[in-house]
Amino acid sequence: MSCETLSDKLSGYLDGELDERAAAEVEAHLRQCVTCSARLEQERRLRAAVQAHVPPLRAPERLRSNVRAMVRAQAKRARRRQTWLPTWAATAAALILGVAGGWQLATWRASQGDESDLAAQVVASHVRSLQGAHLTDIASSEHHTVKPWFAGKLDFSPPVADFTTEGFPLIGGRLDYLRERQVAVLVYGRRQHVINLFVWPSRDAGAAPSPVSRRGYHAVHGAAGGMAYWAISDLNEAELSQFAHLVAADLSHSTAQP
Amino acid sequence: MDSTALVRFEETVLPHLDAAYTLARHLLRNEHDAEDVVQDAYLRAVRHFGGYRGGNVRSWLLMIVRHTCYSWLRRHKVDARSTEFDETVHGDLRIADDPEAQMLRGALREALDQAIEALPVAFREVVILRDVQGLSYGEIAEVVGIPVGTVMSRLSRARERLQRTLPVEDYGRN
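Below, the structure is given as structure tokens:
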């Protein structure tokens with residue numbers, strides 16, 4: 015192992031975050047490299063100094079009571095909305111109209127608005143899905159099983175395709191939220207990589223797949239057949255782009271033949 | 337949000353208020369702004385609590401806090417991206433304090449605070465999350481939304497910058 019390779023692993027070694035093999039490699043190098051050993055010692059002292067002299071802060075009391083009050087007020091408001099709905103048919107109808115209007119506004123905002131904010135949410139959701147135990151709500155490689163599962167859980171029916179023959183087998187699906195609207199997520203595999211495909215209705219007539227990179231992840235997004243989609247993965251850009259083109263073709267196709 | 341969800345939120349998310357404030361205070365470098373942003377982040381957390389599906393609640397909250405901080409920094413024209421990895425600007429920052437003053441009690445703490453504040457935000461956040469808040473690399477990856485390997489290399493580089501800013505004699509004793 016060279017000093018160069020070691021420099022990135024030094025922190026991991028110091029923090030006990032390397033696996034046994036990597037730690038053994040670092041130790042082997044340290045035994046014969048005075049420079050790196052000295053660096054490790056310096057880094058150890060620095061870390062100790064930061065830990066000793068930069069303590070975690072305590073939130074001011076005013077903030078604590080403001081946050082608590084805000085949480086309670088929000089909960090109360092949400093409860094009021096819930097109890098109204100079944101009681102008065104007229105109010106319910108008005109609310110539903112409001113929701114539909116809000117949805118159009120939301121999709122309009124989604125097409126016009128800050129795309130980077132959406133990208134950030136897509137990345138965050140992707141990361142969450144891989145780290146928690148919550149990749150799929152329904153795990154199945156059968157699109158005949160996955161598609162009906164979404165029925166009744168969403169206000170739209172996402173097209174579900176299996177691209178096994180193209181090398182992207184379907185793994186399953188789940189529900190998720192983007193920009194405070196519920197979206198369908200279809201999960202696909204490519205070798206050891208996972209692809210999350212987010213789908214929701216869009217008034218956008220169609221937009222060719224376009225790539226975005228965020229924090230080391232690649233994403234490709236576009237719109238076709240009345241649906242907006244975002245595909246995200248740690249897969250390389252070329253293969254993800256190939257996947258997005260399959261998705262776009264399938265979305266156009268499924269609206270042409272309902 | 338029904339009353340069960342409210343209780344659950346108060347029991348699981350509210351206790352991490354200090355962690356939320358610590359992160360925001362260091363990312364924004366200002367107490368007053370940190371208070372505003374934390375309050376805003378909690379509002380977002382309440383609204384998205386229905387979509388939260390278990391897992392590490394502190395990481396989930398800190399992710400929202402971080403996101404809210406970055407939005408704030410963008411809105412206030414503090415361009416996080418351009419200062420993130422600019423060696424020419426941040427490569428050789430040194431603390432301008434009188435060396436004798438640093439011998440005084442508490443001076444080391446001040447020097448460290450200043451050195452950390454001078455780090456570009458992408459480096460500052462990993463140091464704070466790790467060395468001040470004690471998160472694991474996996475948790476930091478979750479909060480920042482980067483792979484664990486990137487957490488490691490970024491932390492290495494952040495500590496290296498701190499060492500360059502703070503001469504070893506300042507913290508090397510004891």
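Sequence order for the protein chains is A and B. The first sequence lines up with residues 15 to 272 when you count with my numbering. The second sequence lines up with residues 337 to 510 when you count with my numbering. Every residue, glycine too, gets a C-beta built ideally from N, C-alpha and C.
According to DSSP, is N210 of chain A part of a helix, a strand, or is it coil? Numbered from its first residue, the first sequence carries residue 210 of chain A at position 196. Strand.
Give a yes or no on whether 8 Å exceeds the smallest Cβ distance from G187 of chain A to chain B. What you label residue 187 of chain A is simply residue 173 of the first sequence in a count that begins at 1. No, no contact with chain B.
Go through its chain and collect everything with a Cβ distance to I209 of chain A's Cβ below 8 Å, but skip five positions before and after it. On the first sequence, position 195 is the one that residue 209 of chain A refers to. So the qualifying residues of the chain are F182, V201, Y202, G203, A245, I246, S247, L249, L254, F257.
If R287 of chain A sits next to L24 of chain A, beta carbons under 8 Å apart, how far is it from one beta carbon to the other, in whole angstroms? As displayed, chain A neither begins before 15 nor continues past 272, which places residue 287 of chain A out of reach and without an answer.
Taking 7 Å as the limit between beta carbons, can you name the residues of its chain near A494 of chain B, skipping five residues before and five after? Locating residue 494 of chain B in the second sequence gives position 158, counting from the first residue. Cβ neighbours of A494 of chain B beyond the five flanking positions: L455, F459, V462, V463.
For F170 of chain A, which residues from the same chain have a beta carbon less than 6 Å from its beta carbon, with the 5 sequence-adjacent residues on both sides left out? Translated into positions along the first sequence, residue 170 of chain A becomes position 156. Within the same chain, F170 of chain A has close Cβ partners P215.
The alpha helix (DSSP H) that contains V484 of chain B, what's its start and end? As a first step, residue 484 of chain B must be located in the second sequence, where it is residue number 148. Residues 484-501.
Should the segment 386-398 of chain B be called in touch with the segment 462-479 of chain B, which here means at least 3 C-beta pairs below 8 Å? yes
Grab me the residues of A262 of chain A's own chain with a C-beta within less than 6 Å of its C-beta, minus the 5 sequence neighbours each way, in chain order. The residue given as residue 262 of chain A occupies position 248 in the first sequence. Hits under 6 Å: P223, G236, A238.
Going by C-alpha distance, which of A:L20, A:S155, A:K167, A:Y191 is nearest A175 of chain A? Taking the first residue of the first sequence as position 1, residue 175 of chain A is located at position 161. A175 of chain A has its Cα closest to that of A:S155, out of A:L20, A:S155, A:K167, A:Y191.
Checking 8 Å against the spacing of the C-beta atoms, do L28 of chain A and E75 of chain A come in under that value? Here residue 28 of chain A refers to the residue found at position 14 of the first sequence. Here residue 75 of chain A refers to the residue found at position 61 of the first sequence. In this structure, L28 of chain A lies away from E75 of chain A, with their beta-carbon atoms at least 8 Å apart.
Here's the rule I'm using: 16 or more other beta-carbon atoms within 10 Å means buried, otherwise exposed. How should A198 of chain A be labelled? The residue given as residue 198 of chain A occupies position 184 in the first sequence. Label assigned to A198 of chain A: buried.
Quick check: is the beta carbon of D22 of chain A nearer than 8 Å to any beta carbon in chain B? If you number the first sequence from 1, residue 22 of chain A lands on position 8. Interface residue, yes.
Taking all protein chains shown into account, decide if E371 of chain B is buried (16 or more other Cβ within 10 angstroms of its Cβ) or exposed. Locating residue 371 of chain B in the second sequence gives position 35, where the first residue counts as 1. That one is buried.
Taking C-beta to C-beta, are L379 of chain B and V373 of chain B nearer than 8 Å? Stepping through the second sequence from its first residue, residue 379 of chain B is reached at position 43. Stepping through the second sequence from its first residue, residue 373 of chain B is reached at position 37. Cβ distance not < 8 Å, so L379 of chain B and V373 of chain B don't count as in contact.
Out of B:M337, B:R344, B:H362, point me to the one whose CA is closest to D449 of chain B's CA. Within the second sequence, residue 449 of chain B is the residue found at index 113, counting from 1. Selected option, being the one with the closest Cα: B:H362.
Who are the near neighbours of A165 of chain A in its chain, counting only those whose CB is closer than 8 Å to its CB and skipping five residues on each side? As a working note, residue 165 of chain A is residue 151 in the first sequence. Hits under 8 Å: S171.
Residues of chain B with a CB under 9 Å from the CB of N210 of chain A: which are they? Your numbering for residue 210 of chain A matches position 196 in the first sequence. Here the premise fails: no neighbours, minimum Cβ distance about 13 Å.
Are the C-beta atoms of Q206 of chain A and some chain B residue less than 8 Å apart? Looking up residue 206 of chain A in the first sequence gives position 192. Answer no: the Cβ-Cβ gap between Q206 of chain A and chain B never drops below 8 Å.
Per DSSP, W244 of chain A is paired with what? If you number the first sequence from 1, residue 244 of chain A lands on position 230. Paired residue(s): A:F212, A:H235.
Taking F212 of chain A and V136 of chain A to be in contact with their CB atoms under 8 Å, please state how far apart those CB atoms are, rounded to whole angstroms. To locate residue 212 of chain A, count along the first sequence from 1; it is residue 198. To locate residue 136 of chain A, count along the first sequence from 1; it is residue 122. Correct: roughly 6 Å between the Cβ atoms.
Under the DSSP definition of a beta bridge, which residues are partnered with L195 of chain A? As a working mapping, residue 195 of chain A is identified with position 181 in the first sequence. In the sequence as displayed, the identity of residue 195 of chain A is Arg instead of Leu. Its beta-bridge partners are A:L192.
Does any C-beta atom of chain A lie closer than 8 Å to the C-beta of F459 of chain B? Taking the first residue of the second sequence as 1, we reach residue 459 of chain B at position 123. It does not: the Cβ of F459 of chain B has no partner Cβ on chain A nearer than 8 Å.
Starting from the Cα of R217 of chain A, find the closest Cα among A:A37, A:R193, A:A242, A:E194 and give me that residue. Taking the first residue of the first sequence as position 1, residue 217 of chain A is located at position 203. Per the Cα distances, A:A242.
Below 8 Å between beta carbons: does that hold for L132 of chain A and K167 of chain A? Along the first sequence, one-based indexing puts residue 132 of chain A at 118. Along the first sequence, one-based indexing puts residue 167 of chain A at 153. For L132 of chain A and K167 of chain A, no; Cβs fall outside 8 Å.
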